[in-house]
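Each number in our numbering comes from the position in the sequence shown (counting from 1) with 2 added on.
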Amino acid sequence: PAMQTMVQPAMQTMVQPAMQTGMQSAQTMGHTGEQSTVGVGKTGSVRYFGQRGFGGITPDDGSEESVFFHLQAVTNGDELDLVPGARLKYDLAMDNRSGRTKGVNIVL
Numbered sequence: 003p004a005m006q007t008m009v010q011p012a013m014q015t016m017v018q019p020a021m022q023t024g025m026q027s028a029q030t031m032g033h034t035g036e037q038s039t040v041g042v043g044k045t046g047s048v049r050y051f052g053q054r055g056f057g058g059i060t061p062d063d064g065s066e067e068s069v070f071f072h073l074q075a076v077t078n079g080d081e082l083d084l085v086p087g088a089r090l091k092y093d094l095a096m097d098n099r100s101g102r103t104k105g106v107n108i109v110l
């Protein structure tokens with residue numbers, strides 16, 4: 003018991019600064035600043051949709067071969083609506099981490 007009371011405060015002093023540093027890093031990276039919008043009000047159709055929630059959009063304007071998206075970017079409907087050929091509207095954003103574009107704010 004005496005050893006446990008000595009270890010516990012020592013662990014807190016080691017863990018707490020690490021947690022604060024991690025939080026500062028997350029704030030610096032800015033989860034809200036991980037992407038920047040590059041196109042608004044685009045239209046297209048579902049090219050494919052996989053079991054893990056990832057899919058592709060074929061843009062109507064032919065500007066990109068396929069626009070990557072994730073199910074979390076869909077603002078209405080559900081995965082049952084994401085069949086090949088389904089029409090949708092979306093915004094195009096640049097993922098600052100990967101440097102690739104992706105579909106966001108998708109409306110079926």
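The beta-carbon is built from N, C-alpha and C at its ideal position, and this holds for glycine as well.
Scanning Glu81, His72, Ala88, Gly55 for the CA closest to the CA of serine 47 turns up Ala88.
The Cβ neighbour count for glycine 105, taken over all protein chains shown within 10 Å, is at least 16; the residue is labelled buried. Counting every other CB atom within 10 Å of its CB across the protein chains shown gives glycine 101 a total below 16, marking it as exposed. The C-alpha of threonine 77 lies about 6 Å from the C-alpha of isoleucine 108. Residue range 37-51 is occupied by the beta strand (DSSP E) that includes glutamine 37. Per DSSP, the continuous beta strand (DSSP E) segment holding asparagine 107 begins and ends at 103-109. Between aspartate 97 and glutamine 37, the alpha-carbon positions lie close to 5 Å from each other.
Annotation for aspartate 62: Thr45, Gly46 place their beta carbon closer than 7 Å to its own, counting only its chain and skipping 5 residues before and after. Under the three-state reduction of DSSP, leucine 84 is assigned to coil, being neither helix nor strand.
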